[in-house]
Amino acid sequence: MAALTHDFDLAGLRLSAGEGRRLELDVAVEPLVLGTERYEVAPPRVPVELSISRMTGSGYALRLRFAAEVRGPCMRCLGEASRSVAVDAREVDRPGGGEELASPYVSDETLDLAAWARDAFALAMPVKVLCRADCAGLCPVCAADLNEAGPEHYHEAAPDPRWAKLRELELE
4 MAALTHDFDL
14 AGLRLSAGEG
24 RRLELDVAVE
34 PLVLGTERYE
44 VAPPRVPVEL
54 SISRMTGSGY
64 ALRLRFAAEV
74 RGPCMRCLGE
84 ASRSVAVDAR
94 EVDRPGGGEE
104 LASPYVSDET
114 LDLAAWARDA
124 FALAMPVKVL
134 CRADCAGLCP
144 VCAADLNEAG
154 PEHYHEAAPD
164 PRWAKLRELE
174 LE
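Each residue of the sequence shown is one higher than the one before, counting from 4 in our numbering.
This is the structure in structure tokens:
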């Protein structure tokens, strides 16, 4: 198992222009909070592959790849859900190259690997974390789990309050 890495010293690799390295590291990805729900990343120590290339002049081209699982409440029925997420993220940091070539994760040739892994994981997550693809969710009237209640679960529709005055009319 690789050492747990939060910040990575890019200068310590002493790469010359055009040279690169591929490293296997472990990163702790912090849990994500979406709305009021907390989503954990599993395993706690995520093995990542970090590719670093030194650009001509100065700067680095970086690539981060890993796979992990997101676990938390289903966004439809609030039951337990987990989904596998694959991450393949790239960053470029070239000092003096303008805002487009400056990575927010690199400062003074130190890479904030934990922050980059967390942000890349959040961007790669599915839009909805569901317990299963066909999750029916909760009943909007009584909050019953529609996955367990089945298709026979229904409620009589309440009368539309906009028509209440018409019900008071006595015809004949």
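Idealized CB from N, CA, C, for every residue including glycine. Since this is a predicted model, take the numbers as computed values, not measurements.
The alpha-carbon of glycine 38 is positioned some 18 Å away from that of cysteine 134. With fewer than 16 other CB atoms across the displayed protein chains lying within 10 angstroms of its CB, alanine 20 is exposed. Residue pairing of tyrosine 108 in beta bridges, as defined by DSSP: absent, with no partner found.
Burial state of tryptophan 166 is exposed, judged by a 10 Å Cβ sphere holding fewer than 16 other Cβ atoms.
In chain order, Gly75 and Pro76 place their CB closer than 7 Å to the CB of glutamate 40, counting only its own chain and leaving out the 5 sequence neighbours on each side. Aspartate 96 and aspartate 115 have their C-alpha atoms some 12 Å from each other. Cα atoms of arginine 68 and aspartate 29: separation of roughly 11 Å, rounded to the nearest angstrom. Contiguous beta strand (DSSP E) elements confined to the segment 79-123 occur at 83-96 and 113-115, taking only those with 3 or more residues.
If you draw a 10 Å sphere on the C-beta of leucine 53, you find 16 or more other C-beta atoms in it, and that means buried.
Between alanine 45 and valine 144, the alpha-carbon positions lie close to 35 Å from each other. Straight-line spacing of the CA atoms in alanine 31 and glycine 153 works out to 40 Å.
Valine 49 is positioned such that its CB atom lies no closer than 8 Å to that of valine 73.
Excluding five sequence positions before and after leucine 81, the CB atoms of its chain that fall closer than 8 Å to its own CB belong to Leu141, given in chain order. Taking C-alpha positions only, alanine 136 is separated from leucine 35 by approximately 21 Å. Our two residues, histidine 156 and leucine 26, have alpha carbons roughly 54 Å apart in a direct line.
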